[in-house]
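The structure appears right after this line, and notes come after that.
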Amino acid sequence: METVPVEEAVGMVLCHDITEIVPGTFKGRAFQKGHVVTSDDIEHLLRIGKEQLYVLNLKNGFVHENEAAERIASAVAGKGLDLSTPSEGRINMHARYQGILKIDVDRLDCLNSIENIVLATAHTNHEAAQGRPVAGTRIVPLVIEEEKIQAVEDLCADGPIIDILPYQALQVGMVTTGSEVYKGRIKDSFGPVVRKKFQDMGCSISRQVFVADDIAMTVSAIENLIEEGAEMVVVTGGMSVDPDDLSPSAIRAAGGKVVSYGSPTFPGAMFMLAYIGDVPVVGLPGCVMYYKASIFDLIVPRIVAGDPVTRQDIIKLGHGGFCAGCSPCRYPICPFGK
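Counting with the numbering used here, you get residues 1 to 338 for the letters of the sequence shown.
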């Protein structure tokens, strides 16, 4: 940092705000800390009484905070992200479309271990609404060594750290189990909830089939929906350990290769994920009807976005998988599933 005559400050960085006062008319900031002085600024600075400036000299090998933020954001941002213009040295990244936010957490940690560089993100594997800010970056000082920005760019040479996977407009077949619903003793309450959740992701329910508590009927319904072109099948109800809860057995009997039966989440412990060929088949427990946020919201959106879900992914939900049952529910602005 140094003090220089205004006329010699072109290309240098202001180390402080400069206030302008026009008696009876205006008092406020004319130049902001971090501003790079241009030749067009000289007359204005002299007019407001600034003949000397306290500045940083951008010598070779150093990068201004705005340029640094632009280069970091461009390196880390992948598909589905729009970048803001720099504001006080910071750039935010916004979701261009609705989808699942994917963060390479290991490389995020590596980036933040580079001194004086900051990148903060929302949680990975959670929904990003269109237009929502999901990450921000800046450097800590006004200027930074070029080699540190180059280190970020090298870290991202094989791919970005942040992506948003868009939802696929899947045709979803629904099998609703339960003799009480099949025989008309009670009204189906599961279907409307599940239908809306899929519609909110841009999917549609191709057909809903009602079956009794019968394995053969359930197997036939699953197979028929897949033959009709369903790209995902959801089986609602019948997921507990009661003798007449037969959905897990039916999914297996239909040829389902089980990824997981059971999830360390409350609500949602009796969840099942399986595949018949490349068609995901999801067994949904009754909690999906009653809770705004459940295992459905942690796993099914990832499947809709084409993000492979493994048993290890489901196991890891145990840390953060206990819903506090807040009233009102604030999901996803809460710890559930994170």
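Positions of the beta carbon are idealized from the N, C-alpha and C atoms, including for glycine.
In the structure shown, what three-state DSSP assignment does residue i receive?
i, result
"residue 35", "coil"
"residue 58", "coil"
"residue 271", "coil"
"residue 257", "strand"
"residue 52", "strand"
"residue 316", "helix"
"residue 308", "coil"
"residue 264", "coil"
"residue 180", "helix"
"residue 303", "helix"
"residue 162", "strand"
"residue 336", "coil"
"residue 234", "strand"
"residue 241", "coil"
"residue 278", "coil"
"residue 186", "coil"
"residue 127", "strand"
Please classify residue i as buried or exposed, where buried requires at least 16 neighbouring CB atoms within 10 angstroms.
i, result
"residue 330", "exposed"
"residue 40", "exposed"
"residue 87", "exposed"
"residue 254", "buried"
"residue 323", "buried"
"residue 236", "buried"
"residue 279", "buried"
"residue 65", "buried"
"residue 29", "exposed"
"residue 302", "buried"
"residue 67", "buried"
"residue 82", "exposed"
"residue 275", "exposed"
"residue 91", "buried"
"residue 326", "exposed"
"residue 127", "buried"
Apart from the five residues just before and just after residue i, which ones in its own chain have a Cβ nearer than 8 Å to its Cβ?
i, result
"residue 116", "139, 140, 141, 144, 148"
"residue 209", "173, 174, 175, 176, 221, 224, 225"
"residue 305", "99, 100, 165, 166, 167, 168"
"residue 55", "1, 2, 3, 4, 9, 12, 13, 14, 15, 37"
Output needed for residue i: all residues of its chain with C-beta closer than 7 Å, excluding positions within five of it in sequence on either side, in chain order.
i, result
"residue 205", "172, 174, 195, 198"
"residue 132", "94, 95"
"residue 263", "269, 271, 295, 314, 317"
"residue 249", "215"
"residue 107", "155, 161"
"residue 182", "210, 211, 212"
Since residue i and residue j are thought to touch, with beta carbons under 8 Å apart, how far apart are those beta carbons, to the nearest angstrom?
i, j, result
"residue 112", "residue 118", "7 Å"
"residue 58", "residue 11", "6 Å"
"residue 99", "residue 80", "6 Å"
"residue 300", "residue 282", "6 Å"
"residue 296", "residue 309", "Rounded, the Cβ-Cβ distance is 13 Å, inconsistent with contact."
"residue 266", "residue 321", "7 Å"
"residue 42", "residue 31", "Actually they are not in contact, since the Cβ atoms of residue 42 and residue 31 sit about 12 Å apart, beyond 8 Å."
"residue 76", "residue 146", "Actually they do not touch by this definition, with Cβ atoms about 18 Å apart."
"residue 232", "residue 170", "5 Å"
Just to confirm the assignment, what range does the alpha helix (DSSP H) spanning residue i have?
i, result
"residue 66", "65 to 76"
"residue 119", "No alpha helix (DSSP H) holds residue 119; the beta strand (DSSP E) holding it covers 117 to 121."
"residue 199", "190 to 200"
"residue 151", "146 to 155"
"residue 46", "42 to 47"
"residue 111", "105 to 112"
"residue 289", "287 to 290"
So with Cβ pairs under 8 Å, would you call residue i a contact of chain B?
i, result
"residue 28", "Among the chains in the structure shown there is no chain B, since it carries only a single protein chain."
At what residues does the beta strand (DSSP E) containing residue i begin and finish?
i, result
"residue 210", "204 to 211"
"residue 93", "91 to 95"
"residue 246", "Neither: residue 246 is in no beta strand (DSSP E) and is coded neither H nor E."
"residue 225", "Premise fails: residue 225 lies in the alpha helix (DSSP H), 215 to 227, not in any beta strand (DSSP E)."
"residue 18", "18 to 22"
"residue 339", "Outside the displayed span of the chain (1 to 338) sits residue 339, for which this structure offers no information."
"residue 3", "2 to 5"
"residue 134", "133 to 139"
Go through its chain and collect everything with a Cβ distance to residue i's Cβ below 6 Å, but skip five positions before and after it.
i, result
"residue 72", "137, 152"
"residue 240", "270"
"residue 157", "none"
"residue 261", "248, 272"
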